[in-house]
Amino acid sequence: MTKRKAVKQEHRLSQRIFLLSLLVKRNIKNKYYRSVIGILWSVLNPLLNTLVMWFVFSNILGSGDVAGMPYILYILSGNIVFGLMSEATSTSVGSIVNRKGLLLSTPVPMEIFPLSSVFSSLASFAFSFVSMIILMIVFQILGTYSFCWELILVITIIPAEVIFSIGIAFFLSTCFVFFRDIQHIYSVIMTLWRYITPVFYSLSRMGDNAFAKIMKFNPMYQYLTAFRDLMVGTLPSVNTYIACYGFALILLVIGWLFMHALKNHISSQL
Numbered sequence: 035m036t037k038r039k040a041v042k043q044e045h046r047l048s049q050r051i052f053l054l055s056l057l058v059k060r061n062i063k064n065k066y067y068r069s070v071i072g073i074l075w076s077v078l079n080p081l082l083n084t085l086v087m088w089f090v091f092s093n094i095l096g097s098g099d100v101a102g103m104p105y106i107l108y109i110l111s112g113n114i115v116f117g118l119m120s121e122a123t124s125t126s127v128g129s130i131v132n133r134k135g136l137l138l139s140t141p142v143p144m145e146i147f148p149l150s151s152v153f154s155s156l157a158s159f160a161f162s163f164v165s166m167i168i169l170m171i172v173f174q175i176l177g178t179y180s181f182c183w184e185l186i187l188v189i190t191i192i193p194a195e196v197i198f199s200i201g202i203a204f205f206l207s208t209c210f211v212f213f214r215d216i217q218h219i220y221s222v223i224m225t226l227w228r229y230i231t232p233v234f235y236s237l238s239r240m241g242d243n244a245f246a247k248i249m250k251f252n253p254m255y256q257y258l259t260a261f262r263d264l265m266v267g268t269l270p271s272v273n274t275y276i277a278c279y280g281f282a283l284i285l286l287v288i289g290w291l292f293m294h295a296l297k298n299h300i301s302s303q304l
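Here it is as structure tokens:
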């Protein structure tokens with residue numbers, strides 16, 4: 035009986051993984067629906083945004099090296115790391131409501147819908163990461179940047195940001211079922227969050243002021259710092275890893291508990 039139950043659970047898990055993969059593929063396909071160059075936009079978009087930000091801010095903040103790398107590379111790294119969380123959480127807001135037909139007609143866990151949004155954004159991040167590698171190689175050829183093998187260790191940082199994003203996605207997608215204005219409110223929050231995160235400016239240039247101290251409690255500052263450390267060949271400290279995974283696990287638990295606390299009320303609101 036126990037063996038039969040284990041086989042049944044394994045079959046159910048494989049079905050959910052298959053459904054999750056289908057949803058991720060559909061999300062990616064819908065994102066580039068009727069786009070002429072399609073998924074190539076995931077490579078071009080961060081590069082174009084970086085060029086705009088570099089053009090605007092280089093005269094204000096200086097166009098020299100920042101944190102041991104060319105300023106344009108500094109901005110690009112900030113764009114793709116912050117963009118992963120931004121896209122993952124923003125696209126997850128309506129993930130449950132938009133799939134209400136599937137949720138009400140089939141016995142699938144509602145967590146799978148925000149999860150599909152996050153993993154779709156992870157795929158976009160992978161393509162954006164390619165654009166950064168290309169730019170790093172260009173600077174390597176020009177002699178203004180040294181490619182560091184430590185960059186491969188981003189595989190130890192990105193999972194923390196993904197877990198962090200999943201926690202927020204659980205919370206937002208649940209809130210949206212009951213409070214549709216959360217989508218607009220979160221858009222404003224994301225704009226503020228981007229500007230108080232050192233995406234295009236260096237916190238070290240601000241000195242040891244109160245803002246710099248408060249920034250340490252910004253989870254995205256921790257993920258950006260760890261990512262950029264690896265880009266210049268510096269291994270993140272143990273405290274940085276603790277902060278990255280600490281924020282991630284706390285948000286994951288909060289988001290999951292919030293979703294399950296309202297689980298029985300969601301169906302009646304759809």
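Throughout, my numbering is defined as the position within the sequence shown, counted from one, plus 34. Ideal placement from N, C-alpha and C gives every residue a C-beta, glycine not left out.
* Straight-line Cα distance separating P232 from F171 -> Residue identity check: residue 171 is Ile in the sequence provided, not Phe. Approximately 24 Å between the Cα atoms of the pair.
* Could you check which residue in A277, V142 and V127 has the C-alpha nearest to that of S151? => V127
* Helix, strand or coil: which one does DSSP assign to M170? -> helix
* Can you tell me whether DSSP reads P104 as helix, strand or coil? -> strand
* Buried versus exposed call for P80 [16 or more other C-beta atoms within 10 Å across all chains shown] -> buried
* **Rounded Cβ spacing between A282 and F181 (contact assumed at less than 8 Å)** => Not really, about 28 Å apart at Cβ, beyond 8 Å.
* Check whether the Cβ atoms of V142 and V77 lie closer than 9 Å to each other. => no
* **L296 in three-state terms, based on DSSP** => coil
* Asked: Can we say the segment 213-231 touches the segment 115-124, given the rule of at least three CB pairs closer than 8 Å?
  -> yes
* Which residue from P148, F116 and T84 puts its Cα closest to that of P104? -> T84
* Asked: How many Å lie between D215 and S302 at the Cα?
  -> 19 Å
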